[in-house]
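Below is one structure; the comments refer to it alone.
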Amino acid sequence: MDLLSTEYDSSSDEDSTKISTKRTGLGSANSQLVKRPKIDLAPKVSLEDPRLSNSILIKPTDTQINVNIPYDDMMRPVAGPANPYSTKVMNQNVLTGHVEEQVYSEASFKTQQRTFTSFGYALDPSLITSADGVVGKGYVGDVEKAIAMNGATIYDPTPKPANMPKRLPKGDSAILEGENAYQGPWVGYEGENIGNPVGPPEGAISTKTETETKSKKEIESGMERTIFHGKSEYDYQGRTYMHVPMDLDVNLLGEAGTQECFIPKRCIHTWSGHNKGVTAIRFFPRSAHLILSSSMDTKVKIWDVYDDRRCLRTYIGHNKAVRDITFTNDGKRFLTASYDKYIKLWDTETGQCIKSFTTGKIPYVVKFNPDEDKQHIFLAGCSDKKIVQFDANTGEVTQEYDQHLGAVNTITFVDENRRFVTTSDDKTLRAWEFDIPVVIKYIAEPHMHSMPAVTLHPNKKWLACQSLDNQIVIYGAKDRFRIHRKKRFTGHLIAGYACQVNFSPDGRFIMSGDSEGNIWFWDWKSCKMLKKFKAHDNVVIGCEWHPHETSKVATCSWDGLIKLWD
1 MDLLSTEYDS SSDEDSTKIS TKRTGLGSAN SQLVKRPKID LAPKVSLEDP RLSNSILIKP
61 TDTQINVNIP YDDMMRPVAG PANPYSTKVM NQNVLTGHVE EQVYSEASFK TQQRTFTSFG
121 YALDPSLITS ADGVVGKGYV GDVEKAIAMN GATIYDPTPK PANMPKRLPK GDSAILEGEN
181 AYQGPWVGYE GENIGNPVGP PEGAISTKTE TETKSKKEIE SGMERTIFHG KSEYDYQGRT
241 YMHVPMDLDV NLLGEAGTQE CFIPKRCIHT WSGHNKGVTA IRFFPRSAHL ILSSSMDTKV
301 KIWDVYDDRR CLRTYIGHNK AVRDITFTND GKRFLTASYD KYIKLWDTET GQCIKSFTTG
361 KIPYVVKFNP DEDKQHIFLA GCSDKKIVQF DANTGEVTQE YDQHLGAVNT ITFVDENRRF
421 VTTSDDKTLR AWEFDIPVVI KYIAEPHMHS MPAVTLHPNK KWLACQSLDN QIVIYGAKDR
481 FRIHRKKRFT GHLIAGYACQ VNFSPDGRFI MSGDSEGNIW FWDWKSCKML KKFKAHDNVV
541 IGCEWHPHET SKVATCSWDG LIKLWD
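The sequence shown begins at 1 in full-length UniProt numbering and counts up one residue at a time.
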């Protein structure tokens with residue numbers, strides 16, 4: 001009725017009575033005309049409360065309001081029809097919906113959380129004011145246990161179980177040894193066996209001798225053997241596989257790097273014979289008509305590159321994975337370094353193990369001195385942070401280079417073989433004079449990473465170092481060993497792997513494997529990445545460019561395969 005009365009109210013103008021005087025033609029007579037109030041039988045009636053005209057409308061999703069709004073206006077129900085197709089939760093603040101925050105201190109929450117972890121129940125925060133211990137009210141979790149323990153938390157005293165073991169007496173503090181000696185807080189409980197020996201008495205267990213504990217498969221020093229894969233070791237002229245083939249279109253005895261090189265395009269052959277990952281490959285010195293490979297299956301194999309491209313001989317003499325291999329200058333002998341802590345010298349042609357060397361530490365890298373008059377001397381970088389110099393003729397250690405703070409990873413001869421450069425797990429690069437155990441150059445920068453693979457450029461002026469921050473950095477190989485900051489080769493992912501770096505014989509290209517099975521090629525001058533292709537299914541740990549073929553590259557991987565690309 002208030003709404004109707006509001007509309008039926010007459011205005012003040014209609015309440016006033018107007019008196020007008022009219023003159024007629026018969027005479028001057030005055031007459032009064034009284035108007036009645038006008039009534040609208042169909043007034044405009046508003047369906048809204050007139051009090052809402054002054055209200056400020058807000059959205060349910062508003063999080064900030066710039067004016068003061070009465071509480072009643074803010075708590076009114078949401079007006080308007082609901083969207084039947086909307087899946088969004090109102091005021092969603094978590095992934096699964098809306099979580100309403102309660103006034104609950106962090107200390108109380110931690111207490112209830114630990115109580116639930118220990119006892120299996122906790123107070124229900126939504127019913128915290130009415131936690132009266134009744135089943136279904138006030139607690140979550142094991143409500144029966146909560147009632148039995150009277151809602152105790154971890155900080156409240158709880159009744160001890162009846163079968164709890166009793167504590168032994170602490171003893172007399174005046175007695176240190178013997179009966180009733182003072183035990184203090186270290187005293188135990190009744191029925192404990194702490195401190196009492198258990199098991200069979202001494203002498204009842206028979207101990208095996210050292211010879212019995214050794215595995216039957218282990219190969220002792222002097223028990224090495226070799227397997228020749230073929231019909232005959234000699235051809236009709238009495239030559240072995242060491243003979244360089246002369247019936248090819250390529251001069252294998254020519255000088256390497258005289259021809260222009262190109263990037264390979266396709267795989268032309270795959271050697272498979274290793275049961276586990278291949279760790280390193282080396283072409284036969286100068287001619288490269290053979291390729292030597294070492295593997296995690298403890299074996300070393302030599303393969304034919306040109307004729308039948310088959311495995312020629314297997315060298316068996318290590319008990320653990322072979323880490324590194326290296327030829328002498330003439331290729332008649334080679335060294336193998338294994339995780340069984342032995343370095344062994346082999347005859348390439350006959351497969352005989354000539355001599356074994358060990359320091360009791362794992363050798364990570366072995367390298368012959370490239371001088372012709374020092375082919376009996378080799379260096380070994382070991383896990384005990386030392387570089388050990390051996391004499392292959394006598395088997396004795398002639399020198400030790402002990403300055404690194406981590407396992408030695410690489411040894412590279414520079415400056416006409418008068419010096420050598422080593423890298424280590426201590427993230428440093430050190431240069432040494434040969435046979436003088438004093439560091440002549442020490443390079444260590446905060447931005448440096450460990451460099452587990454180093455290769456010398458064919459012009460002997462630069463060192464390409466595979467850094468574990470996924471880049472190849474270049475250092476000078478002359479007196480100062482400065483870093484070449486403008487030459488960086490990046491893009492590949494090798495972090496954690498000692499992927500070998502190699503150059504084309506003419507020095508125009510640099511290549512490397514990566515942890516994803518790819519081979520990368522960069523231009524040496526511009527540092528641009530020229531090509532990348534998938535080569536293996538596992539880490540490409542080694543790559544070698546053929547010294548006489550313009551585009552032949554050999555790669556090895558932890559998938560157990562060796563591939564030849566052209």
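All residues carry an ideal CB built from backbone N, CA and C; glycine is no exception. A quick note: this is a predicted structure, and the numbers were derived from the prediction, not measured.
For a quick check, are the C-beta atoms of residue i and residue j less than 7 Å apart?
{"i": "residue 384", "j": "residue 367", "result": "no"}
{"i": "residue 404", "j": "residue 424", "result": "yes"}
{"i": "residue 408", "j": "residue 422", "result": "yes"}
{"i": "residue 170", "j": "residue 184", "result": "yes"}
{"i": "residue 347", "j": "residue 337", "result": "no"}
{"i": "residue 162", "j": "residue 141", "result": "no"}
{"i": "residue 497", "j": "residue 512", "result": "no"}
{"i": "residue 386", "j": "residue 400", "result": "yes"}
Let me know the secondary structure DSSP gives residue i once reduced to three states.
{"i": "residue 184", "result": "helix"}
{"i": "residue 164", "result": "coil"}
{"i": "residue 29", "result": "Residue confidence is low: residue 29 scores 45 on pLDDT, short of 50, so the model does not pin down where it sits. Its coordinate-derived value is still stated next. Here residue 29 sits in coil by DSSP."}
{"i": "residue 293", "result": "strand"}
{"i": "residue 445", "result": "coil"}
{"i": "residue 125", "result": "helix"}
{"i": "residue 111", "result": "helix"}
{"i": "residue 99", "result": "coil"}
{"i": "residue 135", "result": "A caution first: residue 135 carries a pLDDT of 45, below 50, which makes its placement in the model too unreliable to give a value."}
{"i": "residue 566", "result": "coil"}
{"i": "residue 288", "result": "coil"}
{"i": "residue 359", "result": "coil"}
{"i": "residue 13", "result": "Confidence is the limiting factor: at residue 13 the pLDDT is only 47, short of 50, which leaves the residue's position unreliable, though a coordinate-based value still follows. Of the three classes helix, strand and coil, the one that applies to residue 13 here is helix, per DSSP."}
{"i": "residue 140", "result": "strand"}
{"i": "residue 550", "result": "coil"}
{"i": "residue 450", "result": "coil"}
{"i": "residue 79", "result": "coil"}
{"i": "residue 23", "result": "Residue placement at residue 23 is flagged as unreliable, the pLDDT there being 44, under the threshold of 50; the coordinate-derived value follows with that caveat. If DSSP states are grouped into helix, strand and coil, residue 23 belongs with coil."}
{"i": "residue 380", "result": "strand"}
{"i": "residue 56", "result": "coil"}
{"i": "residue 146", "result": "helix"}
{"i": "residue 262", "result": "coil"}
{"i": "residue 511", "result": "strand"}
{"i": "residue 72", "result": "helix"}
{"i": "residue 503", "result": "strand"}
{"i": "residue 400", "result": "strand"}
{"i": "residue 177", "result": "coil"}
{"i": "residue 323", "result": "strand"}
{"i": "residue 106", "result": "helix"}
Which partner residues of residue i appear in the DSSP bridge assignment?
{"i": "residue 471", "result": "467, 490"}
{"i": "residue 542", "result": "556"}
{"i": "residue 269", "result": "564"}
{"i": "residue 373", "result": "Residue 373 is not bridged to any residue."}
{"i": "residue 532", "result": "520"}
{"i": "residue 152", "result": "In the DSSP output, where bridge partners are listed per residue, residue 152 has none listed."}
{"i": "residue 282", "result": "292"}
{"i": "residue 225", "result": "316"}
{"i": "residue 345", "result": "335, 355"}
{"i": "residue 61", "result": "Residue 61 pairs with nothing; no bridge assigned."}
{"i": "residue 304", "result": "290"}
Using alpha carbons as the reference points, say which of the options lies closest to residue i.
{"i": "residue 64", "options": "91, 81, 138, 187", "result": "91"}
{"i": "residue 350", "options": "363, 334, 357", "result": "334"}
{"i": "residue 468", "options": "475, 481, 490", "result": "490"}
{"i": "residue 298", "options": "250, 305, 97, 219", "result": "219"}
{"i": "residue 494", "options": "457, 81, 507, 453", "result": "453"}
{"i": "residue 466", "options": "375, 83, 478, 510", "result": "510"}
{"i": "residue 124", "options": "417, 118, 138", "result": "138"}
{"i": "residue 155", "options": "143, 186, 110", "result": "110"}
{"i": "residue 434", "options": "374, 471, 461", "result": "374"}
{"i": "residue 143", "options": "327, 119, 160", "result": "119"}
{"i": "residue 486", "options": "146, 292, 520, 473", "result": "473"}
{"i": "residue 437", "options": "181, 445, 420", "result": "420"}
Just checking, does the region 340-351 make contact with the region 257-265 on the three C-beta pairs under 8 Å criterion? no
When the Cβ atoms of the region 441-451 are set against those of the region 502-518, are three or more pairs found closer than 8 Å? no
Segment contact flag, the region 271-290 with the region 541-559, C-beta cutoff 8 Å, min 3 pairs: yes
If you pair each beta-carbon of the region 315-330 with each one of the region 222-229, do three or more pairs fall below 8 Å? yes
Stretch-stretch touch, CB-based, cutoff 8 Å, three pairs: the region 279-295 with the region 540-547: yes
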